[in-house]
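Start counting the sequence shown at 2; every next residue gets the next number (our numbering).
All C-beta atoms in this analysis are idealised placements derived from N, C-alpha and C, irrespective of residue type, glycine included.
To keep things clear, I will list the structure first and then write my remarks on it.
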Amino acid sequence: MKKRQLLATLLALVLMVSALPITASAYYCEFVSISVDGIFVDDVDAYLDDDNCVRVSTSEDLLKIFPRELEDTVIAYDPWDGIVVEDYVNDFGYESHLKVSYDNGKYFCYTLYIYTDTNNSCGDYWSGTDWKYPEVYINGIYTPMSDIYQYWNIDFSKYSTTIFSGNRVYLNNDGNSPVEVVVNGRLIHFPDQQPIIMAPGRTMVPVRTIAEMLGFRVDWDAKQNCAVITQGNDTMYIYPGSTSYLFNGKYYTMDVQPVVLNGRTMVPLRFVAEAFGYTVDFHNGDVFTVFLNSR
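Below you can see the structure in the form of structure tokens.
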């Protein structure tokens, strides 16, 4: 009898809990902070949904974000779905950007930055950058994430090193330190094969990507089996497997050979950059950073 009473009590509790109203925020764990014109909004239950949209749980939350715009406005919404904040951002003609930041290893949090004055917003700082997903680089190869859940499913224990740099995550088993290249203050994105360090300490980069980022033209001469880099009246011929290169009709020697890695011709960055008039500086940390600046 006591067992039956206990089971009946448990069943009643389950039914009571199931009858309670459940908002969408009850089953989402990606909390999002909200900032409006540089000021964070307190006590807002905002979260990221499966479509990577920022939602709030109630109309009261939305009113805290847009108190002036929504004053005396009745907001109809489905409590199961919450309210998509970006819909109201767009309706008001504002600008918003979702940024991810990291804290203690793989854990990260989101902030939705809303700007009501688009002439005084984040400007070019955000252009061309997808802050919704971390950029993942595995053993020197850029590995795009289709959604945030793919990132969460990465088995970090498989990699000997995990390094976070801004929105980038570098996972390595090959012993190489991640390398980033900054040209005139702009961080370069390499679409697949990333820069590497080769003996005797030379930064090797995919020739086509870096040349195009510098505004050069790149062609492949199949007859001579070489890459041809052109800018204005300057022309450089680089031969994979050879330390010799031809620049404006004269042969010079590098101290490391260009190599083909994962289908990309890798060349020593300093020789190319300085030949075309760029200064080269380095910063050695968890991420080895190369700074190129036009003279």
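Hey, could you find the ends of the alpha helix (DSSP H) residue i is sitting in?
| i | result |
| --- | --- |
| D46 | Looking at the DSSP string, D46 is not in any alpha helix (DSSP H), and its letter there is neither H nor E. |
| D235 | Where D235 is concerned, there is no enclosing alpha helix (DSSP H), although the beta strand (DSSP E) it sits in stretches over 235-239. |
| T290 | Element bounds for T290: not the alpha helix (DSSP H) but the beta strand (DSSP E), 289-295. |
| M245 | Per the sequence shown, residue 245 should be read as Ser rather than Met. Segment 245-248 is the beta strand (DSSP E) holding S245; no alpha helix (DSSP H) there. |
| I155 | Element bounds for I155: n/a, residue is neither H nor E. |
| F272 | 270-276 |
| D62 | 60-66 |
Using a Cβ-Cβ cut-off of 7 Å (strictly less than) and excluding sequence neighbours within five positions of residue i, which residues of its own chain qualify?
| i | result |
| --- | --- |
| Q194 | G141, I142, P207, L262, N263, R265 |
| A276 | M237, F248 |
| D131 | Residue confidence for D131 is low, a pLDDT of 43 falling below 50, so the modelled location carries little weight; the figure read from the coordinates is stated next. Counting only Cβ-Cβ distances below 7 Å, and skipping sequence neighbours, we find nothing. |
| T162 | N173 |
| M199 | M205, V257 |
| A274 | V281, L293 |
Here's a check: name, in chain order, each residue in its chain whose Cβ is nearer than 6 Å to the Cβ of residue i, leaving out the five neighbours to either side.
| i | result |
| --- | --- |
| L71 | L64 |
| E136 | N168, R169 |
| N285 | none |
| F1 | The structure shown does not extend to residue 1, since the chain is modelled only from 2 through 296, so no value can be given for it. |
| F289 | S178, V180 |
| S26 | Any reading at S26 must be qualified, since the residue scores a pLDDT of 34, below 50, and its modelled position is unreliable; the value itself is stated next. Once the five neighbours on either side are set aside, the close Cβ partners of S26 are D46, Y48, S58. |
| Y29 | Because the pLDDT at Y29 is just 37, under 50, the model does not fix this residue reliably, and the point stays unresolved. |
| V37 | I115 |
For residue i, count the other beta carbons within 10 Å of its own beta carbon; 16 or more makes it buried, fewer makes it exposed. Which is it?
| i | result |
| --- | --- |
| S295 | exposed |
| I66 | buried |
| I76 | exposed |
| S243 | exposed |
| T1 | In the structure as shown, the chain starts at 2 and stops at 296, and residue 1 therefore has no counterpart that could be examined. |
| Y252 | exposed |
| F283 | exposed |
| S158 | exposed |
| D118 | exposed |
| C110 | exposed |
| D62 | buried |
| S97 | buried |
| F217 | buried |
| Y126 | With a pLDDT of 41 at Y126, under the threshold of 50, the modelled position of this residue cannot be trusted, and the question is left open. |
| F32 | exposed |
| P201 | exposed |
| P197 | It should be pointed out that residue 197 corresponds to Ile in this sequence rather than to Pro. With 16 or more other Cβ atoms within 10 Å, it is buried. |
| I40 | exposed |
| S128 | Confidence in S128 is poor, its pLDDT being 40 and thus under 50, which makes the residue's placement unreliable; the coordinate value appears in the next sentence. Exposed, by the Cβ-count rule. |
| P68 | exposed |
| G250 | exposed |
So the beta strand (DSSP E) residue i belongs to, where does it begin and stop?
| i | result |
| --- | --- |
| A142 | Correcting the residue type first, residue 142 is Ile in the shown sequence and not Ala. Unbroken beta strand (DSSP E) run through I142: 142-144. |
| I230 | 227-232 |
| L172 | 169-173 |
| D88 | That residue, D88, is in no beta strand (DSSP E); its alpha helix (DSSP H) goes 86-92. |
| M214 | Element bounds for M214: not the beta strand (DSSP E) but the alpha helix (DSSP H), 208-214. |
| D220 | 218-222 |
| L262 | 260-262 |
| E181 | 180-184 |
| I164 | 162-166 |
Spatial neighbours of residue i within its chain, please: C-beta separation below 8 Å, excluding the five flanking residues on both sides.
| i | result |
| --- | --- |
| Y138 | T144, R169, V170, Y171, L172, P179, Q195 |
| P192 | Y143, T210 |
| I189 | E181, V182, V183, T210, I211, M214 |
| A223 | none |
Check: Can at least three beta-carbon pairs, one atom from the stretch 70-89 and one from the stretch 46-61, be found at a separation below 8 Å?
Finding: yes
Notebook entry, point to check: Counting Cβ pairs closer than 8 Å, one from the stretch 169-178 and one from the stretch 218-233, do we hit at least three?
Noted result: no
Note to self: Does the structure place the stretch 152-160 close enough to the stretch 179-193 that three or more beta carbon pairs sit under 8 Å?
What the structure shows: no
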